[in-house]
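These protein sequence lines map, in sequence, to chains Z and D. When the letters of the first sequence are read in order and numbered with this note's numbering, they come out as residues 13 to 285. When the letters of the second sequence are read in order and numbered with this note's numbering, they come out as residues -7 to 343.
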Amino acid sequence: MCNLKRQLLAGPYVLWMAGFILLPVIMILYYAFTTTGGDFTFLNVSSITFSVHLKALTLSFKLALICTVICLALSYPLAMILNNMKAKSQGFVVFIFILPMWMNFMLRILAWRMLLSNNGVINSLLDTLGLPGIDILNTPTAVVFCMVYDFLPFMILPIYNSMARIQADIIEAARDLGAGNLTIFFKIIVPLTMSGVISGIIMVFVPALTSFAVSDLLGGGKVLLIGNVIEQAFMQEYNWNLGSGLSFVLMIFVIASMALMNSRGEENGAGVW
Amino acid sequence: MKKKLLFLLTIFSLSMFFTGCGKKDSPNTLTILNYGKYIEPEVLKLFEKETGIQIEYEEYITPENMYTKYKAGAIDYDLICTSDYMIEKLIQEDEVSELNFDSIPLTENLDQTYFEFSKSFDPENKYALPYFFGTVGILYNKDMVDESKVNSWDILWDKTYSGQIIMADSVRDSFMVAQKLLGYSLNTTDEKELREAQNLLIQQKPLVYSYLVDEAQDEMIAENAAMAVVYSGEAGYALEFNDKLAFSVPKEGSNMWIDSWFIPKRARHTENAEKFLNFLCRKDIAMMNFNYVYYATPNTEVKEALDADLQNNPTIFPPLETLENCEVFQPLNDEATMKYNLYWKEIKSAD
């Protein structure tokens, strides 16, 4: 009886999951494998091999990868610095990193557009200082830049958390046994923070791979990612079947990359599922 | 037991999604779908006050968006405003009701000329009521562009303006530019002609600053670019904010568009919709809308009441000679639409 009550507590979540996760996935599957007329087809899914779609997917992968690498390169040293600070200032710095997340994601992208435009704030400032302007708006560079800006906290926080969990005793013990700084870093700190690194990578890579809003607003319509192709199929072409087919392929890629990371993480207890 | 319970919950919630929305319908409402920023909000309030009819108002960005919304069928719209070719497409699909012009007596305020133009998509003038019209052309900054050359679309391929050109982020408007430059119809479905137009647009891509729709005018006002392909109405709006801007419709011809109202077959409040249309044709209301939207209005009463300067402003009211050099978009069949979309994606993904 008690068990039943506990199950009922999960009710709201089950409802939510069924309505907003399960049902949409079923609909995507249905549309992905049918024609506009409702007949079975593989064409929507296999259309990923069209050169336009492949190109968009490759570009998405490339940008997501660059973004993840930059985030990791920025976050890891930062997490280490943070970890060595006094407890009080640690809280403050983490707060500063979370602060931008209080503002809406879209607004931040739009703000970057204003900042980076030809006569925008940054360029006028550089101009008054007599420096050459930067001309990165409407290029893949701007897209990567903004993705890094947006997703950085998702990388810092898990790494910082896993680093904070390393007990000072372990490092002390290593020193007692004669390990140098490098050995301690590679043999103790890196393996023990692996779980954080992996969840950070997933939390940055997956949204970067599927993003379309950033490329739309900062790419000036010149950077076509797979997310944009899907969005266009739904919104412009009224071809839900094509959009669903491509979404299905993208879902497979997302699951595959998560599984790949997961198999690396499992040894270190960083399983995502 | 546990599995069974989860299963039941799932089924229950799924069924809720399928059976929901048993919303009761009140006869005193009107559901309108319109382009963004395309009506003076005060007009809606006035109508509600005068008639007691409650308006539910929704907006969209491109005609294709509108089509998706309408076809999704989640809401039964009573009145929709959209562009010529999209209305023709919906007429072909038998989705449009005939207008009862007897209950819209103020139609007499509209200039007959534009009903004539409307015949290109509504041959018997049975379905559509013209709202605003205009052309597509080049909005340019006089300080940055050689004015002797803006009378041709060719200037959009001029390497001196690399990185300063804004193209339309809409399939047909961008193709139109290339098609007109090549001397083809903007409704062509010929494979060879389309490929030629596509190649031209791919060549142009490195020179393009960005592909935009609604934001183009803001970028031009902020002087972030030298030229932009925009609708005449948007150009008229931008000119008000920056004296350095000017507008030109190139000599090769362009697209003439007429945005009109129609009542879809699924409308549930046809009478209210007709009342609203009549209201829109009233002089004071049409004037409010003109001042807000600032596009060419077919309402003669409004036009005559304007300053002579404004009446003769070729940016806002394109002269007849210009209009006669323009073509109206026609809807493409499914095969041609797919072709346009694919070619457009190839342009967007080109290096």
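Every residue, glycine too, gets a C-beta built ideally from N, C-alpha and C. Bear in mind that the values here come from a model prediction, so they are computed numbers and not experimental data.
7 Å Cβ cutoff, residue i in contact with chain D
i, result
"methionine 167 (chain Z)", "no"
"serine 211 (chain Z)", "no"
"methionine 7 (chain Z)", "Residue 7 (chain Z) lies beyond the range of chain Z shown here (13 to 285); nothing can be said about it."
"serine 129 (chain Z)", "yes"
"glutamate 243 (chain Z)", "no"
"leucine 236 (chain Z)", "yes"
"glycine 233 (chain Z)", "yes"
"glutamine 179 (chain Z)", "no"
"valine 64 (chain Z)", "yes"
"tyrosine 25 (chain Z)", "no"
"methionine 206 (chain Z)", "no"
"glutamate 249 (chain Z)", "yes"
Min CB distance residue i to chain Z below 7 Å
i, result
"serine 123 (chain D)", "The question names serine, but residue 123 (chain D) is tyrosine in the sequence shown. Cβ-Cβ to chain Z under 7 Å: no for tyrosine 123 (chain D)."
"alanine 238 (chain D)", "no"
"alanine 214 (chain D)", "yes"
"glutamate 226 (chain D)", "no"
"threonine 152 (chain D)", "no"
"tyrosine 332 (chain D)", "no"
"lysine 340 (chain D)", "yes"
"threonine 60 (chain D)", "yes"
"glutamate 56 (chain D)", "yes"
"lysine 337 (chain D)", "yes"
Residue i, buried or exposed, once every other Cβ within 10 Å from all chains shown has been counted against 16
i, result
"glutamate 34 (chain D)", "exposed"
"tryptophan 253 (chain D)", "buried"
"threonine 152 (chain D)", "exposed"
"proline 36 (chain Z)", "exposed"
"alanine 217 (chain D)", "buried"
"isoleucine 110 (chain Z)", "exposed"
"isoleucine 339 (chain D)", "buried"
"glutamine 244 (chain Z)", "buried"
"asparagine 247 (chain D)", "buried"
"glycine 192 (chain Z)", "exposed"
"threonine 205 (chain Z)", "buried"
Coarse secondary structure for residue i, derived from DSSP in three states
i, result
"methionine 136 (chain D)", "coil"
"asparagine 234 (chain D)", "coil"
"glutamine 102 (chain Z)", "helix"
"serine 341 (chain D)", "helix"
"glutamine 46 (chain D)", "strand"
"valine 235 (chain Z)", "coil"
"asparagine 20 (chain D)", "coil"
"leucine 148 (chain D)", "helix"
"valine 81 (chain Z)", "helix"
"valine 205 (chain D)", "coil"
"valine 320 (chain D)", "coil"
"glutamate 32 (chain D)", "coil"
"aspartate 147 (chain Z)", "coil"
"proline 122 (chain D)", "strand"
"isoleucine 157 (chain D)", "strand"
"glycine 14 (chain D)", "A caution first: glycine 14 (chain D) carries a pLDDT of 46, below 50, which makes its placement in the model unreliable, though a value can still be read off. Of the three classes helix, strand and coil, the one that applies to glycine 14 (chain D) here is coil, per DSSP."
Alpha-carbon to alpha-carbon, residue j and residue i
i, j, result
"lysine 134 (chain D)", "leucine 237 (chain D)", "6 Å"
"threonine 289 (chain D)", "isoleucine 53 (chain D)", "20 Å"
"leucine 69 (chain Z)", "tyrosine 287 (chain D)", "40 Å"
"tyrosine 201 (chain D)", "threonine 43 (chain D)", "48 Å"
"tryptophan 145 (chain D)", "glutamate 244 (chain D)", "7 Å"
"leucine 236 (chain Z)", "isoleucine 60 (chain Z)", "14 Å"
"methionine 168 (chain D)", "leucine 143 (chain Z)", "40 Å"
"tyrosine 77 (chain D)", "leucine 254 (chain Z)", "23 Å"
"phenylalanine 268 (chain D)", "phenylalanine 224 (chain Z)", "38 Å"
When Cβ atoms are compared, which residues of the stretch 160 to 193 of chain D fall closer than 8 Å to chain Z? Asp161 and Val163
To be precise: take each residue of the stretch 146 to 176 of chain Z, compare its Cβ to all Cβ atoms of chain D, and keep it if any distance is under 7 Å. Which residues remain? Asn150
Below 8 Å between beta carbons is the criterion; list the residues of the stretch 129 to 149 of chain D that meet it against any residue of chain Z, in chain order. none
In chain order, what residues of the stretch 66 to 92 of chain Z put their CB closer than 7 Å to some CB of chain D? Lys67 and Ala68
Can you pull out the residues from the stretch 198 to 210 of chain D whose beta carbon lies closer than 8 Å to at least one beta carbon of chain Z? Val200, Tyr201, Ser202, Tyr203 and Leu204
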